[in-house]
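A.B. asks:
Numbering (my numbering), first residue to last: 892 to 1442.
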């Protein structure tokens, strides 16, 4: 049985001070069902067996779960019978939005794949089809789903669903929740990078990966981020390359979701650390991995979930329930946080994520270092290249607007990021190393991080939904500090910055123009050899406005 002493020991060893809060911690157990997989022998039998065992495990623990049916599984009488007869009434049946040959042909469209299901991005996802074809695919799926289950699905998940399709599903069939893949680079033929990190957001009508800032500009269907990324290590995995490996809650990964120590570390971050509006994780597994691969990890995780649920620390609910709760609680995308202050690898690393409808950011501590590893800005006016036109090829790319990109702007040897720097009277620069963070949530939507540096100067980083504030209370006299963006020479040609003034950096990314506004402090342009730019404080304070709509 799971012991809460494991969580307590993680917390005590880190010698941390964090605020407690009553925000709900929610787990959705979501299993995606395919009918077949050309990569496996006896695929149809193995995939059905995995789903059957997943249903039985849910019943053993009396957990509500969400099963999302791909079209080929939807029309299979065996899956219909299994879910209708064996699935508990508290569970949910919804749609999994990967496109298959029977789905395409039922919609009167020509199938382009080598097999009846393929993972190729321009075939398996709606971004590879015209808007009119996307609507046909929705209509034929919904017609069959209602004929079988007597209603339309409330939840539709996928690695990615475009905004045209989502809006059509909402307006015509009234879905209440969706889900998409965690951030990743190059995995399975598509890159999602810079988005709302974990939890859930309302997407822009022009771009389903981009959080909207206004009610008028959003699709009123929350998208929950899937798979449960490692808040410390997933970001940098594969840095300096064009692809990432996977460090997630998925129970098939030996050094992540299959490992009890890693899972306890992940759940400690979810359950016991500040999260602001709510904490969230998606558990479960697609049936293509087969029961033998997922069994040990899934059974271990369910035992931990059971203990946490009995202790009142988590809510286990369906994706539909979470979507309905989200819409009731939040008319606009809320600010949330993911806080990981204990390192499962015991290397002294820490990570804090903050999200709002305007931006995301990540603070990252190493044993002898600190940097802001990531800031991406959100603008609902940035239109997806796949909104109106089908994409081609096997690689699809979904981005937001970078201010700091610690993955793409880094190399295997040197990391990009915003560092705090001390500058002495002779102009010599020295990195400021922040010590143990104290994390609090003083007001709704605001996360506050207090740290001392190696000389006892106190730094406070305050994350508001529409601005970032960094301030210092110096302990030593004539203490001169700046925030400094450092990027390896090999990556300078990737930067979006086009022009500089004392309070603004004009930027352009993938044809979209945006400004970075410094409303407290001053911008100092560098030549790239030592730094790209500095943000120099005014009265020991720097404030970055992240509300791009005010430019």
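Note that beta-carbon positions come from the ideal geometry of N, C-alpha and C, so glycine has one too.
#1: Quick check on the DSSP output: the beta strand (DSSP E) that includes residue 1256 runs from which residue to which?
#2: Can you tell me whether residue 1245 is buried or exposed, with buried defined as 16 or more other CB within 10 angstroms of its CB?
#3: Under 8 Å: do the region 1023-1039 and the region 1089-1097 share three or more Cβ pairs, one atom per stretch?
#4: Which complete beta strand (DSSP E) runs does the region 953-1034 hold, if anything under 3 residues is left out?
#5: Alpha carbon to alpha carbon, how far is residue 1391 from residue 901? Give it in angstroms, no decimals.
#6: For residue 1085 and residue 1137, what's the separation of their Cα atoms in angstroms?
#7: Quick one: what does DSSP say residue 1054 is sitting in, helix, strand or coil?
#8: Spatial neighbours of residue 1437 within its chain, please: CB distance less than 7 Å, with the 5 preceding and 5 following residues excluded, ordered by chain position.
#9: Inspect the CB distances between the region 971-987 and the region 999-1011 and report whether three or more fall short of 8 Å.
#10: Under the rule that 16 or more other beta-carbon atoms within 10 Å means buried, what is residue 968, buried or exposed?
#11: In three-state DSSP terms, what is residue 1178?
#12: Could you give the residue range of the beta strand (DSSP E) that holds residue 1360?
#13: Apart from the five residues on each side of it in sequence, which residues of its chain come closer than 6 Å, Cβ to Cβ, to residue 1314?
#14: Using the beta-carbon count (16 or more within 10 Å), is residue 1147 buried or exposed?
#15: Between 1124, 1227, 1396, which lies nearest to residue 1297 when the distance is taken from Cα to Cα?
#16: Once you ignore the five residues that flank residue 1301 on each side, which residues in its own chain have a CB closer than 6 Å to its CB?
#17: Give me the Cα-Cα distance between residue 1270 and residue 975, rounded to the nearest whole angstrom.
#18: Is residue 1164 buried or exposed, if buried means 16 or more other CB atoms sit within 10 Å of its CB?
#19: Over what stretch of residues does the beta strand (DSSP E) that includes residue 1288 continue unbroken?
#20: Cα separation between residue 1160 and residue 1232?
#21: How should residue 1047 be labelled, buried or exposed, when 16 other C-beta atoms within 10 angstroms of its C-beta is the threshold for buried?
#22: Give the single residue among 1350, 921, 991 whose Cα lies nearest to the Cα of residue 1069.
#23: Express the C-alpha separation of residue 1175 and residue 1191 in angstroms, rounding to a whole number.
#24: So what's residue 1377 in DSSP terms, helix, strand or just coil?
#25: With distances taken Cα to Cα, identify the nearest neighbour of residue 1393 among 1132, 1053, 1406.
#26: Have a look at residue 1016 and residue 1054 and give me their C-alpha separation to the nearest angstrom.
#27: Please go through the region 1039-1090 and give each complete beta strand (DSSP E) segment of 3 or more residues, from N-terminal end onward.
#28: Go ahead and label residue 1333 buried or exposed: buried means 16 or more other beta carbons lie within 10 angstroms of its beta carbon, across all protein chains shown.
#29: Report, in whole angstroms, the separation of the C-beta atoms of residue 1067 and residue 1215, which I expect to be a contact under 8 Å.
#30: Between residue 1178 and residue 1114, how many whole angstroms is the CB-CB distance? I'm expecting something under 8 Å.
#31: On the DSSP letters alone, give me the boundaries of the beta strand (DSSP E) that residue 1406 sits inside.
#32: Quick one: what's got a C-beta closer than 6 Å to residue 1289's C-beta in the same chain, skipping five residues either side?
#33: With a threshold of 16 other CB atoms inside 10 Å of the CB of residue 1110, please say whether the residue is buried or exposed.
#34: Please list, in chain order, all residues of the same chain as residue 1367 whose beta carbon is under 8 Å from its beta carbon, the five residues on each side excluded.
#35: Compute the Euclidean distance between the alpha carbons of residue 929 and residue 1006, then round it to the nearest angstrom.
#36: Hey, out of 1051, 1194, 940, whose CA is closest to residue 989's CA?
C.D. replies: With the given structure in hand:
#1: Counting along the chain, the beta strand (DSSP E) containing residue 1256 begins and ends at 1250-1257.
#2: buried
#3: no
#4: If we require 3 residues or more, the beta strand (DSSP E) runs fully inside the region 953-1034 come out as 957-960, 983-987.
#5: At residue 901, the pLDDT of 35 sits below 50, so the modelled position is not reliable and the matter cannot be decided from this model.
#6: Here the alpha carbon of residue 1085 sits roughly 17 Å from the alpha carbon of residue 1137.
#7: In this structure, DSSP gives residue 1054 a helical state, which the three-state scheme calls helix.
#8: Spatial neighbours of residue 1437 in its own chain (CB-CB distance under 7 Å, excluding positions within 5 residues in sequence) are listed in chain order as 1249, 1250, 1268, 1357, 1358, 1359.
#9: The region 971-987 vs the region 999-1011: no contact.
#10: exposed
#11: Residue 1178 carries a helical assignment under DSSP once its states are collapsed to helix, strand and coil.
#12: Under the DSSP assignment, residue 1360 falls in the beta strand (DSSP E) whose first and last residues are 1358-1364.
#13: 1320, 1371
#14: Result: buried.
#15: 1124
#16: 1130, 1307
#17: 43 Å
#18: buried
#19: Residue 1288 -> beta strand (DSSP E) spans 1287-1290.
#20: 8 Å
#21: buried
#22: Out of 1350, 921, 991, 921 has the C-alpha closest to the C-alpha of residue 1069.
#23: 12 Å
#24: strand
#25: Closest in alpha carbon position to residue 1393, among 1132, 1053, 1406, is 1406.
#26: 12 Å
#27: 1046-1048, 1068-1071, 1081-1084
#28: exposed
#29: 5 Å
#30: With 8 Å as the limit, residue 1178 and residue 1114 do not qualify as a contact, their Cβ atoms being about 23 Å apart.
#31: 1403-1411
#32: 1083, 1100
#33: buried
#34: Excluding residues within five positions, the ones whose Cβ falls inside 8 Å are 1346, 1347, 1348.
#35: Going by the C-alpha atoms only, they are around 7 Å apart.
#36: 1051
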